[in-house]
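Taking our numbering, the leading residue of the sequence shown gets 1, the next gets one more, and so forth. Working notes, beginning with the structure itself.
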Amino acid sequence: MPSVFIKTYGCQMNERDSEAVAAQLVAKGYTLAPSETVADVVLLNTCSVRDFAEKKAIGKMQNLAADVRKNRPNVVLGFMGCMAQSRGQELIDKLPDVDLVLGTQKFHHAADYLDEILTGHRDKIVDVAAESGSEATIREHLLYGNIARNGDGHRPPLQITAYVSIMQGCNQRCTFCIVPDTRGEERSRSIPDIVAECRQLVSQGVKEITLLGQIVTSYGKRGGSSREPENFLPSTLDARPSTTKTPFVQLLEAVHEIEGLQRIRFTSPHPKGYGDDLIEAYARLPKLVESAHLPVQSGSDRVLKLMHRGYTRERFLGLIKKLRRARPDIGITTDIIVGFPGETEDDFELTLSLAREVEFDNAYLFKYSPRRDTPAAEMPDQVPLKIREERNHRLLETINEIGKRKYDAFVGRRTQILVEGPSRKNPARMTGRTRCNKIVVFEGSERHRGQLLDVKITRAGSFTLYGDPAILGED
Ligand code: SAM
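What follows is the structure, given as structure tokens:
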């Protein structure tokens, strides 16, 4: 059977989609190639959020195509994901060596389409149509890596943590963002369907689940495989009196009931979707870890309005206060865009001051990138690249300075981690995560994988902690 290599660009949603496609192909007998240079099929799972991400994937495909044309003409090349969705046929017109373009609602057809191409029944395939029910098709996992198809249920899985896709699409229409076009309208899976997938993962040894969606706080509000609100309820909650809890909080409660599951995370929420029921859930559900990724985008109300974000600086700060009241140790990260059209130096100063006031544990900074067919791309007063770069640099310095202080404060403390496996940078060491989502590297061994371990933090590096397994009774 052929081997496949999938390279992923972009967010965790893309990581999850790639995993589901890889698992689908492994189930059909494919092997996972260690690199693109030896694979029979190379798929690039793309991101469209910024121009840079698109350029990187196109550049990569150009190099692959040149190599394949010269040395390995039978290799199948494909684009999938967000850029495949937004550009479709245009990608094959530009890069004629590409055989497959698979949109964001079509991942579950990957094996069939590759089969048709590999057996010579079809030459090129472009499928970017909408498909009803596709939100419930991202469900296969690859817990055992390349050996999954041997089905050795007793082997501890390589993955202790798993992502579960709970919905697809986005209806927010932020003026900078291309995602509503690449991912379509919001569609949610039902609670019983999601819970069944989580249960299955836990029965295979998974200890931590991250619920994924473009805007998870909108879960269950619109359309999807189960349109009636009552169909979102798991059977155990059916008998409860009518509730004002959002479907997302009901989902958290249902997943929380799964025996053997140790930790629940989710990403990304929208600040305006953070109601009191969700804050209260943080205080009430012990498996819901004290960690929140809350994309703020800007600290200026004027810019937030232009972005169409639907909250103010004051409301965002109020939310952070409530979260810290509910869980004082909560780790808070964010996304920030610098140089949005019309952003003045004063607006940018407000973003800097917001970062200082909140003291984010970390932040992902994005230089604004005009995206086609988005309102912001047509707005006046586009900020020159040089200024965007300079602001990005200044904000990064502030974020790093705050991060350093926050990470240094952990030194000498004991904290619980869930051990995930060998460290990527140094496989001789093990790595785990605190509940507040900080990576801890320590001297350990395979026997620690999957354990909830108390460690004493001995040193802090750049957004990484180093620790020793704590010995009981020692302070
Ligand atoms: N759920 C998130 C939210 O609440 O907005 C959106 C996730 S988006 C895929 C990841 C991040 O990319 C956004 O939070 C935003 O900071 C950044 N982003 C999106 N469009 C962008 C653009 N045109 N230029 C620069 N950054 C962008």
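Just so you know, even glycine gets a beta-carbon here, dropped at the ideal spot from N, CA and C.
Handout entry: For Glu290 and Arg327, the rounded distance between their alpha carbons
Key = Looking up residue 327 in the sequence shown gives position 327. Looking up residue 290 in the sequence shown gives position 290. Cα to Cα, the separation comes out at about 6 Å.
Problem - Minimum C-alpha distance to Glu135 - residue among Thr210, Leu142, Gly432, Met167 - result: Indexing the sequence shown from 1 puts residue 135 at position 135. Answer by Cα proximity: Met167.
Exercise for the section: Can you give me the start and stop residues for the beta strand (DSSP E) that Glu208 sits inside? Expected result: Mapped onto the sequence shown, residue 208 falls at position 208. Per DSSP, the continuous beta strand (DSSP E) segment holding Glu208 begins and ends at 208–212.
Handout entry: heavy atom of the ligand SAM below 7 Å from Ser369 C-beta
Key = What you label residue 369 is simply residue 369 of the sequence shown in a count that begins at 1. At least one heavy atom of the ligand SAM lies closer than 7 Å to the C-beta of Ser369.
Practice task
Report whether the distance from the Cβ of Gln297 to the nearest heavy atom of the ligand ZN is below 7 Å.
Solution key: The model depicted lacks the ligand ZN and carries the ligand SAM instead.
Handout entry: Nearest residue (CA-CA) to Lys456, options Asp93, Arg447, Ser462, Gly432
Key = Translated into the one-based positions of the sequence shown, residue 456 becomes position 456. Checked all of Asp93, Arg447, Ser462, Gly432; the closest Cα to Lys456 is Gly432.
Problem - Opposing strand residues paired with Thr334 [DSSP bridges] - result: Counting from one through the sequence shown, the residue named residue 334 turns up at place 334. According to DSSP, Thr334 bridges with Ala363.
Handout entry: Distance cut-off 7 Å: His270 Cβ against heavy atoms of the ligand SAM
Key = As a position in the sequence shown, residue 270 is number 270, starting the count at 1. Distances taken from the Cβ of His270 to the heavy atoms of the ligand SAM include one shorter than 7 Å.
Practice task
Kindly provide the ranges of any beta strand (DSSP E) runs that are 3 or more residues long and lie completely inside the segment 236–311, ordered along the chain.
Solution key: Listed in chain order, they are 263–267, 291–293.
Handout entry: Environment of Thr46 [buried if 16+ CB atoms lie within 10 Å]
Key = Within the sequence shown, numbered from 1, the residue matching residue 46 stands at position 46. So Thr46 ends up on the buried side.
Exercise for the section: List the endpoints of the continuous beta strand (DSSP E) containing Gln416. Expected result: The sequence position of residue 416 within the sequence shown is 416, counting from 1. Element bounds for Gln416: 414–422.
Handout entry: Under the three-state DSSP convention, the category Asn14 falls into
Key = Counting from 1 along the sequence shown, the entry for residue 14 is found at position 14. In the three-state DSSP reduction, Asn14 falls in the helix class (H, G or I).
Exercise for the section: Taking Val179 as the reference, give the member of Ser190, Val419, Val440, Asp373 with the closest Cα. Expected result: Position 179 of the sequence shown holds residue 179. Checking every option, the nearest Cα to that of Val179 belongs to Asp373.
Handout entry: Nearest to Gln204 (by Cα), restricted to the options Cys174, His256, Leu142
Key = Within the sequence shown, residue 204 is the residue found at index 204, counting from 1. Here the closest residue by C-alpha is Leu142.
Exercise for the section: Inspect the CB distances between the segment 354–367 and the segment 191–204 and report whether three or more fall short of 8 Å. Expected result: Contact between the segment 354–367 and the segment 191–204 is absent, because fewer than three Cβ pairs lie under 8 Å.
Handout entry: Residue of Lys305, Thr217, Asp17 minimising C-alpha distance to Gly273
Key = Within the sequence shown, residue 273 is the residue found at index 273, counting from 1. For Gly273, the nearest C-alpha among the options comes from Thr217.
Practice task
Would you list the residues sitting across from Phe107 in a DSSP beta bridge?
Solution key: In the sequence shown, the residue the question calls residue 107 occupies position 107. Beta-bridge pairing by DSSP links Phe107 to no other residue.
Practice task
Compute every distance between the C-beta of Asp17 and the non-hydrogen atoms of the ligand SAM, then say whether any falls below 7 Å.
Solution key: As a position in the sequence shown, residue 17 is number 17, starting the count at 1. Relative to the ligand SAM, the beta carbon of Asp17 is positioned no closer than 7 Å to any heavy atom.
Exercise for the section: Give a single yes or no on whether Phe348 has its beta carbon closer than 7 Å to a heavy atom of the ligand SAM. Expected result: Numbered from its first residue, the sequence shown carries residue 348 at position 348. Answer for Phe348: no, Cβ out of range of the ligand SAM.
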